[in-house]
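S.K.:
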Ligand SMILES: [Zn+2]
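If you want it as structure tokens, here you go:
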């Protein structure tokens, strides 16, 4: 296949990923190519088994019903893996981009590089076995990673650092399959654009309230990357004068008072100082409490855990007020692990976001909790991978 044909095929296949079955005129208007070109590409894609024709679909108007085309679900599969700091979240998509399997296990990111690569190999074999497919049937594997990551060039400077930072090349050699990497929060925001609350939304901010605190900026329906691809480091805006030292080297970052990391530290500090909480029932004193323990306790009504979450939600709200003033978003979508206890967060977060932002900019903002749960990052990076490799199988 020549380059021009490949790029036209990719564009047509990509435009069909979010839209189900379409007629040739519908595809033509969505990609802006001429009817003869679209017809030719569609015929080739049907021949190659990537599209299927649906004939005999009845339409009310007289005459022969138009032929509809849709992605052939069995033409290939994509794995998406979010390497989170609290958990590892995996999905498998079929060629029509429907999620056919999900799998979650504890985080592997605190291990050394070699152990993480070994765990990744194990995870992939597990997923292939569970779904009943082989590596040859994969379009590729998408891996979402926190820290300083450039998805386009395939480099990661925080986790899984390898020689020349070229993590993508290293992963492809090691795993024996095509790979696409992406930053964790950008993957989550893409998950929301294609599968969640940001579908058909023009201006939105996705907030990952997890171990860290980052945002995905959606402008005119597209994810905004910034000049180097690093836009969205919301957790490191300075919010507390002379506050605690952040791991980034600055003092008083929002992340030092409102993030999974900060909440966990606060809980551990206060419990060591003698605070009482249900959390202690399931933990030995020497054991460190993790974010999941805190969320569980809050969901069981533990006052200590709830008060700490409310306090953190207040500061997140002040941070969000700054975002509202800067971006005038239509939607604010809150996801990430901590959003599992949204009922204890949302009120103080929203009140503070509204109180500290300008009324003309905040009056129409819709606050939403992501309903993709912990799948958004894996879904987003899987979709990126499908887009990149949909013609390559
Ligand atoms: Zn910081």
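Residue numbers (this note's numbering): 4 to 396. Glycine residues also receive a C-beta, built at the ideal position from the N, C-alpha and C atoms. The structure presented is a predicted model; accordingly, all values stated were derived computationally and were not measured.
Assess, as a yes-or-no matter, whether the segment 218-231 is touched by the segment 260-277 under the definition of 3 or more beta carbon pairs within less than 8 Å.
M.R.: Contact between the segment 260-277 and the segment 218-231 is absent, because fewer than three Cβ pairs lie under 8 Å.
S.K.: Considering only their Cβ atoms, is the gap separating residue 194 from residue 215 smaller than 8 Å?
M.R.: Contact flag unset, no.
S.K.: Would you mind working out which of 211, 317 and 217 sits nearest residue 373, comparing C-alpha positions?
M.R.: Comparing Cα-Cα distances from residue 373 to each of 211, 317 and 217, the minimum goes to 211.
S.K.: Taking the straight line between their C-alpha atoms, what separation do you get for residue 390 and residue 86?
M.R.: Whole-angstrom Cα-Cα distance: 20 Å.
S.K.: Quick one: what's got a C-beta closer than 6 Å to residue 165's C-beta in the same chain, skipping five residues either side?
M.R.: Correct list, in chain order: 173.
S.K.: Between 72, 27 and 78, which lies nearest to residue 392 when the distance is taken from Cα to Cα?
M.R.: Looking at the Cα atoms, 78 is the closest of the given residues.
S.K.: Using C-beta distances below 8 Å, list every residue in its chain close to residue 387, excluding the 5 sequence neighbours before and after it, in chain order.
M.R.: Correct list, in chain order: 145, 154, 183, 185, 190 and 193.
S.K.: Measure the CB-CB distance between residue 242 and residue 251 and report whether it falls below 8 Å.
M.R.: No.
S.K.: How would you write the range of the beta strand (DSSP E) that residue 86 sits in, first residue to last?
M.R.: Run containing residue 86: 80-86, per the beta strand (DSSP E) assignment.
S.K.: May I have all residues whose beta carbon comes closer than 6 Å to any heavy atom of ligand 1, sorted in chain order?
M.R.: Result: 239, 249, 251, 253, 256 and 258.
S.K.: Mind checking residue 298: buried by the 16 CB within 10 Å criterion, or exposed?
M.R.: Buried: at least 16 other Cβ atoms inside 10 Å.
S.K.: Looking only at its chain, what residues have a beta carbon closer than 8 Å to the beta carbon of residue 246, apart from the 5 residues adjacent to it on each side?
M.R.: Here the set comprises 254, 255, 256, 259 and 260.
S.K.: Assign residue 129 to one of two classes, buried (16 or more other C-beta atoms within 10 Å of its C-beta) or exposed (fewer than that).
M.R.: Exposed, because fewer than 16 other Cβ atoms sit within 10 Å of the Cβ of residue 129.
S.K.: Between 213, 308, 232 and 369, which lies nearest to residue 377 when the distance is taken from Cα to Cα?
M.R.: It is 213 whose Cα lies nearest to the Cα of residue 377.
S.K.: Does the Cβ of residue 319 have 16 or more other Cβ atoms within 10 Å, making it buried, or fewer, making it exposed?
M.R.: Buried: at least 16 other Cβ atoms inside 10 Å.
S.K.: Grab me the residues of residue 23's own chain with a C-beta within less than 7 Å of its C-beta, minus the 5 sequence neighbours each way, in chain order.
M.R.: If we look at residue 23 and ignore the five residues flanking it on each side, its Cβ neighbours are 73.
S.K.: How many Å lie between residue 322 and residue 365 at the Cα?
M.R.: Rounded to whole angstroms, residue 322 to residue 365 spans 14 Å at the Cα level.
S.K.: Mark residue 222 as exposed unless 16 or more other C-beta atoms lie within 10 angstroms of its C-beta, in which case mark it buried.
M.R.: With fewer than 16 other Cβ atoms within 10 Å, it is exposed.
S.K.: Identify whether residue 183 lies in helix, strand or coil by the three-state DSSP scheme.
M.R.: Residue state, collapsed to three classes: strand.
S.K.: Do residue 375 and residue 348 have their CB atoms nearer than 8 Å?
M.R.: No; because the gap between Cβ atoms is not below 8 Å, this pair is not in contact.
S.K.: So, for residue 342: in the same chain, excluding its five sequence neighbours on each side, which residues have a beta-carbon less than 7 Å away from its beta-carbon?
M.R.: Once the five neighbours on either side are set aside, the close Cβ partners of residue 342 are 212, 372 and 373.
S.K.: Can you give me the start and stop residues for the beta strand (DSSP E) that residue 345 sits inside?
M.R.: Where residue 345 is concerned, there is no enclosing beta strand (DSSP E), although the alpha helix (DSSP H) it sits in stretches over 345-358.
S.K.: Under a three-way DSSP split, which group does residue 29 fall into?
M.R.: Note: residue 29 maps to helix in three-state DSSP.
S.K.: According to DSSP, which residues form a beta bridge with residue 239?
M.R.: DSSP, once it has assigned bridges, lists no residue as partnering residue 239.
S.K.: Buried or exposed for residue 28, going by 16 or more other Cβ atoms inside 10 Å?
M.R.: Burial call: exposed.
S.K.: Alpha carbon to alpha carbon, how far is residue 203 from residue 196?
M.R.: Their backbone Cα atoms lie some 7 Å apart in a straight line.
S.K.: Buried or exposed: residue 50, going by 16 or more other Cβ atoms within 10 Å of its Cβ?
M.R.: Looking at its Cβ environment, which holds fewer than 16 other Cβ atoms inside 10 Å, residue 50 is exposed.
S.K.: Could you tell me which residues DSSP puts in a beta bridge with residue 24?
M.R.: None, per the DSSP bridge assignment.
S.K.: Pick out the complete beta strand (DSSP E) segments inside the segment 194-248, 3 residues or longer, and give them in chain order.
M.R.: DSSP runs (the beta strand (DSSP E)) wholly in the segment 194-248: 207-212, 216-222 and 225-227.
S.K.: What's the C-alpha gap between residue 331 and residue 345?
M.R.: Approximately 23 Å between the Cα atoms of the pair.
S.K.: Compare the C-alpha of residue 136 against each of 82, 218, 99 and 112 and name the closest.
M.R.: The residue with the shortest Cα to Cα distance from residue 136 is 82.
S.K.: Are the Cβ atoms of residue 308 and residue 280 separated by less than 8 Å?
M.R.: Yes, Cβ-Cβ distance for residue 308 and residue 280 is below 8 Å.
S.K.: Tell me the rounded alpha-carbon separation between residue 109 and residue 382.
M.R.: One C-alpha to the other measures close to 18 Å.
S.K.: Express the C-alpha separation of residue 57 and residue 159 in angstroms, rounding to a whole number.
M.R.: Cα to Cα, residue 159 sits roughly 43 Å from residue 57.
S.K.: Can you check DSSP and say which residues form a bridge with residue 102?
M.R.: According to DSSP, which records beta bridges pairwise, residue 102 is partnered with 96.
S.K.: Quick one: give me the first and last residue of the beta strand (DSSP E) that residue 73 is part of.
M.R.: Counting along the chain, the beta strand (DSSP E) containing residue 73 begins and ends at 71-74.
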